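Per the numbering used here, the sequence shown starts with residue 7, numbered consecutively. Note that beta-carbon positions come from the ideal geometry of N, C-alpha and C, so glycine has one too. A quick note: this is a predicted structure, and the numbers were derived from the prediction, not measured.
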Amino acid sequence: MLKAVKQADPTAARTALQAGASPQLRDGQGRTVLMLAARNGAREVVELLLAAGAPRSDRDPAGWTAAAHAEARGHGELVDILR
7 MLKAVKQADP TAARTALQAG ASPQLRDGQG RTVLMLAARN GAREVVELLL
57 AAGAPRSDRD PAGWTAAAHA EARGHGELVD ILR
């Protein structure tokens, strides 16, 4: 799942979710897969994760939400989806 999200690959992300991967998975830095998808501007992956139940309100250790990550990287189109 982490690889699929980091590569912004919606097909691989969908396959991982169908195989039972958690939409709440976190990386070694405490960021959720939704945060990583938001950082990468991967709209389709963001939508898949939200549909699978990824919480919008989760925060990383620095206190950032997925919306904050998207905004910081200039992905304004995702901010509205994530708030």
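Counting only the same chain and skipping the five closest in sequence on each side, list residues whose C-beta sits under 8 Å from that of L8.
Only L31, D33, V39 and L42 meet the Cβ criterion.
Compute the Euclidean distance between the alpha carbons of A48 and E77, then round it to the nearest angstrom.
Roughly 13 Å separates the two Cα atoms.
Among the residues of its own chain, which have a CB less than 6 Å from the CB of R79, if the five just before and after it don't count?
For R79, where only same-chain residues beyond five positions count, the Cβ hits under 6 Å are R45.
Where does the unbroken alpha helix (DSSP H) through L31 begin, and where does it stop?
Per DSSP, L31 belongs to no alpha helix (DSSP H) and is neither H nor E.
Taking the C-alpha atoms as reference points, what is the distance between A19 and L56?
Approximately 12 Å, taken between the alpha carbons.
Which residue's Cα is closest to the Cα of S28: P67, Q13 and G59?
The shortest C-alpha separation from S28 is found at G59.
Run the CB neighbour count on R37, radius 10 Å, all protein chains shown included, and call it buried at 16 or more, exposed below.
With 16 or more other Cβ atoms within 10 Å, it is buried.
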